[in-house]
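Residue 0 is where the sequence shown starts when you use numbering that gives the first Met the number 0, and the numbers rise one by one after that. C-beta atoms are modelled at their ideal positions from N, C-alpha and C, and glycine is treated no differently. This one's a predicted model, so the numbers in the text were calculated from it and none came from an experiment.
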Amino acid sequence: MDRKLMWVDKAWSDIFTKVKKTSKDISVDFPSMTSEGVYCNTHAPWAWVVGFWPGLLWLLYEKENYLPFKEIAIDRESKMDGPLDEYVNIHHDVGFMWQLTSIKQYELFDNHQSRIRALRAASHLASRFNINGRFITAWNKNDVSAADPKGLSIIDSMMNLPLLYWAAEQLDAPRFKLIAMAHADTVLKEFVREDGSVRHMVEFDYLNGDVISYYGGQGYNEDSAWSRGASWAIHGFALSYKYTGESRYLEAALRTANFFIDQLPEDSVPHWDFRAPLDENTPRDTSAAACAASGILLIAELVEDQDLKEHYFTAAVNILKGLNDKYATYGDDNEQGILTGGAFNCPKKLGVNCSLIYGDYYFVEAMSKLVDKIKERSTH
Ligand code: GLY
Numbered sequence: 000m001d002r003k004l005m006w007v008d009k010a011w012s013d014i015f016t017k018v019k020k021t022s023k024d025i026s027v028d029f030p031s032m033t034s035e036g037v038y039c040n041t042h043a044p045w046a047w048v049v050g051f052w053p054g055l056l057w058l059l060y061e062k063e064n065y066l067p068f069k070e071i072a073i074d075r076e077s078k079m080d081g082p083l084d085e086y087v088n089i090h091h092d093v094g095f096m097w098q099l100t101s102i103k104q105y106e107l108f109d110n111h112q113s114r115i116r117a118l119r120a121a122s123h124l125a126s127r128f129n130i131n132g133r134f135i136t137a138w139n140k141n142d143v144s145a146a147d148p149k150g151l152s153i154i155d156s157m158m159n160l161p162l163l164y165w166a167a168e169q170l171d172a173p174r175f176k177l178i179a180m181a182h183a184d185t186v187l188k189e190f191v192r193e194d195g196s197v198r199h200m201v202e203f204d205y206l207n208g209d210v211i212s213y214y215g216g217q218g219y220n221e222d223s224a225w226s227r228g229a230s231w232a233i234h235g236f237a238l239s240y241k242y243t244g245e246s247r248y249l250e251a252a253l254r255t256a257n258f259f260i261d262q263l264p265e266d267s268v269p270h271w272d273f274r275a276p277l278d279e280n281t282p283r284d285t286s287a288a289a290c291a292a293s294g295i296l297l298i299a300e301l302v303e304d305q306d307l308k309e310h311y312f313t314a315a316v317n318i319l320k321g322l323n324d325k326y327a328t329y330g331d332d333n334e335q336g337i338l339t340g341g342a343f344n345c346p347k348k349l350g351v352n353c354s355l356i357y358g359d360y361y362f363v364e365a366m367s368k369l370v371d372k373i374k375e376r377s378t379h
């Protein structure tokens, strides 16, 4: 076996053992972030994080066939029907919510109801498109206090676009794909900087589409480089390229990935913002590392040049090894999360140095890809 992957099988089995244990405690909750090692449950079934726990369980179920994971995932997905029916709390993060749950269940078991849920979520997302500004509106009135949400768009939306690409394929309805591409093009123009760093939030005039303002959002300031935002861009553009074949999206994925990789500290786990003041107490963000690593693995699949493939694959493996060696909690029964060292919102001092359910999800997603890679390499 490739020497740089020798740790992967054990890590995967450690993850499975850990989640078998924690799933008994977390069970049918919607975990979001830990406090003193225990996952807090979000009581809002419309919160952007609710798909990650069932999504993580599906990833493990796919390889391990452990029935309780399937049962919890199905239960969680059905609890998300409330916000879909009520509509008023639905925001742009429906991709995170229904891709990892309903689309997954539909793909695994051909579940008709799951397919309809995801199609309804896609229709909601399409309806958030601002035709004059050519962007997807992130939030609703009351979701944010800082600015008028009518013209607000955020980098995170890039991860929701696959829901639209999927709906376009399912219904043979290109309108969904055209909306996703129009949004991706606006992000490319207004969020991605020349050096490959990205902005978190851009406010547009919702009537004529002019840029009104840039905001630091969860990053250090409006000129900074929030590392999870960078990971949403890397992974999101790679996915847009996968679904459309448009080379400008691959170029954007490479540009943002190169910036991310170049800024990494020695252990390959980024600080929360690449431009925040740096000292030994500056928080890391393991969720940015995990999401970026999974996106960079996708890039390694998508590029054709063999040297580039190897370059991105190695960069992703280094990040995952850094997470595994320093932040994984496998043997620690006082921690419910798989990875410590996540940073939800440093400016607001919320969820810093804790486990984040999306960090855990993307770590498992990326590790699952590595397990597949080992199998693929051993059969060639
Ligand atoms: N989507 C919100 C965040 O990344 O924290």
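In DSSP terms, what valine 363 is bridged to:
As a working note, residue 363 is residue 364 in the sequence shown. Here valine 363 is not bridged, per DSSP, to any residue.
Between the stretch 40 to 51 and the stretch 330 to 350, are three or more C-beta pairs nearer than 8 angstroms?
By the C-beta criterion, the stretch 40 to 51 is judged not to be in contact with the stretch 330 to 350, since fewer than 3 inter-stretch pairs fall below 8 angstroms.
Buried or exposed, going by whether 16 or more other CB atoms sit within 10 Å of the CB of isoleucine 178?
As a working note, residue 178 is residue 179 in the sequence shown. So isoleucine 178 ends up on the buried side.
Looking at the strands, I want to know which residues DSSP matches up with isoleucine 135.
Translated into the one-based positions of the sequence shown, residue 135 becomes position 136. Phe128.
Among Asp1, Pro161 and Val18, whose alpha-carbon lies nearest the alpha-carbon of tryptophan 52?
For the purposes of this step, residue 52 is identified with residue 53 of the sequence shown, where counting begins at 1. For the residues Asp1, Pro161 and Val18, the minimum Cα distance to tryptophan 52 belongs to Val18.
With a cut-off of 6 angstroms, give the chain-ordered residues whose Cβ is closer than this to any heavy atom of the ligand GLY.
Here the residues come out as Trp47, Asp155, Gln217, Arg227 and Phe343.
Taking the alpha-carbon of proline 67 as reference, which of Asp84, Ser26, Thr100 and Leu83 has the nearest alpha-carbon?
For the purposes of this step, residue 67 is taken as the residue at position 68 of the sequence shown. By alpha-carbon distance to proline 67, the top candidate from Asp84, Ser26, Thr100 and Leu83 is Ser26.
Can you tell me the Cα-Cα spacing of glycine 235 and methionine 158, whole angstroms?
For this step, residue 235 is matched to residue 236 along the sequence shown. For this step, residue 158 is matched to residue 159 along the sequence shown. Each residue's alpha carbon lies about 5 angstroms from the other.
Cβ shell of leucine 267 (< 6 angstroms), same chain only, five flanking positions each side left out:
Here residue 267 refers to the residue found at position 268 of the sequence shown. A small fix is needed here, since residue 267 is serine in this sequence, not leucine. Taking serine 267 as the centre and dropping the five residues before and after it, the same chain places the C-beta of Asn317, Ile318 and Gly321 closer than 6 angstroms to its C-beta, in chain order.
Note down the Cα distance separating tyrosine 38 from tyrosine 60, rounded to an integer number of angstroms.
Residue numbering aside, residue 38 sits at position 39 when the sequence shown is read from its first letter. Residue numbering aside, residue 60 sits at position 61 when the sequence shown is read from its first letter. Rounded to whole angstroms, tyrosine 38 to tyrosine 60 spans 21 angstroms at the Cα level.
For serine 212, report the span of its beta strand (DSSP E) as first-last.
Counted from its first residue, the sequence shown places residue 212 at position 213. Element bounds for serine 212: 210 to 214.
Using the C-alpha atoms, what's the distance from valine 197 back to serine 34?
As a first step, residue 34 is located in the sequence shown; it is residue number 35 there, counting from the start. As a first step, residue 197 is located in the sequence shown; it is residue number 198 there, counting from the start. Taking the straight line joining both Cα atoms gives about 29 angstroms.
Please classify proline 161 as buried or exposed, where buried requires at least 16 neighbouring CB atoms within 10 angstroms.
Your numbering for residue 161 matches position 162 in the sequence shown. By the C-beta density criterion, proline 161 is buried, having at least 16 other C-beta atoms within 10 angstroms.
If I measure Cβ to Cβ from aspartate 28 and keep anything under 8 angstroms in the same chain, skipping five residues before and after, which residues do I get?
One-based indexing of the sequence shown puts residue 28 at position 29. A distance below 8 angstroms between beta-carbons, with the five flanking residues on each side excluded, links aspartate 28 to the following residues of its chain, in chain order: Tyr38, Asn40 and Trp52.
Give me, in chain order, the residues of the same chain whose beta-carbon lies closer than 8 angstroms to that of leucine 170; leave out the 5 immediate sequence neighbours on both sides.
Locating residue 170 in the sequence shown gives position 171, where the first residue counts as 1. Hits under 8 angstroms: Leu118.
Can you confirm whether the stretch 214 to 224 touches the stretch 135 to 144 when touching is taken to mean that 3 or more C-beta pairs between the two stretches lie within less than 8 angstroms?
No, the stretch 135 to 144 is not in contact with the stretch 214 to 224.
Can you give me the C-alpha to C-alpha distance between aspartate 183 and valine 201, rounded to a whole angstrom?
Position 184 of the sequence shown, counting from 1, holds the residue named residue 183. Position 202 of the sequence shown, counting from 1, holds the residue named residue 201. A quick correction: the sequence has alanine, not aspartate, at residue 183. Cα to Cα, alanine 183 sits roughly 13 angstroms from valine 201.
Is arginine 376 buried or exposed, if buried means 16 or more other CB atoms sit within 10 Å of its CB?
Along the sequence shown, read from residue 1 onward, the residue named residue 376 stands at position 377. Burial is judged here by how many other beta carbons sit within 10 angstroms of a residue's own beta carbon; arginine 376 has fewer than 16 and is exposed.
Under 9 angstroms between C-beta atoms of valine 7 and leucine 296:
By one-based count along the sequence shown, residue 7 stands at place 8. By one-based count along the sequence shown, residue 296 stands at place 297. The Cβ atoms of valine 7 and leucine 296 lie no closer than 9 angstroms to each other.
When the Cα of serine 77 is compared with those of Ala166, Leu58 and Ser101, which residue comes out closest?
Residue numbering aside, residue 77 sits at position 78 when the sequence shown is read from its first letter. Serine 77 has its Cα closest to that of Ser101, out of Ala166, Leu58 and Ser101.
Buried or exposed for valine 87, please, with buried defined as at least 16 other CB atoms from any protein chain shown within 10 angstroms of its CB.
By 1-based counting over the sequence shown, the position of residue 87 is 88. With fewer than 16 other Cβ atoms within 10 Å, it is exposed.
Kindly give me the distance between the Cβ atoms of leucine 83 and alanine 120, rounded to whole angstroms, as I take these residues to be in contact under 8 angstroms.
The residue you call residue 83 lines up with position 84 of the sequence shown. The residue you call residue 120 lines up with position 121 of the sequence shown. Leucine 83 to alanine 120, Cβ: 7 angstroms. Contact.
Return the Cβ separation of glycine 36 and asparagine 323 in integer angstroms, given the expectation that the two are a contact with Cβ distance under 8 angstroms.
Taking the first residue of the sequence shown as position 1, residue 36 is located at position 37. Taking the first residue of the sequence shown as position 1, residue 323 is located at position 324. Their Cβ separation, rounded to whole angstroms, is 19 angstroms, which puts glycine 36 and asparagine 323 out of contact at 8 angstroms.
Enumerate in chain order the residues of its own chain whose CB-to-CB distance from alanine 167 is below 6 angstroms, with the five nearest sequence positions on each side excluded.
The residue given as residue 167 occupies position 168 in the sequence shown. So the list reads Pro173, Phe175 and Lys176, once near-sequence residues are dropped.
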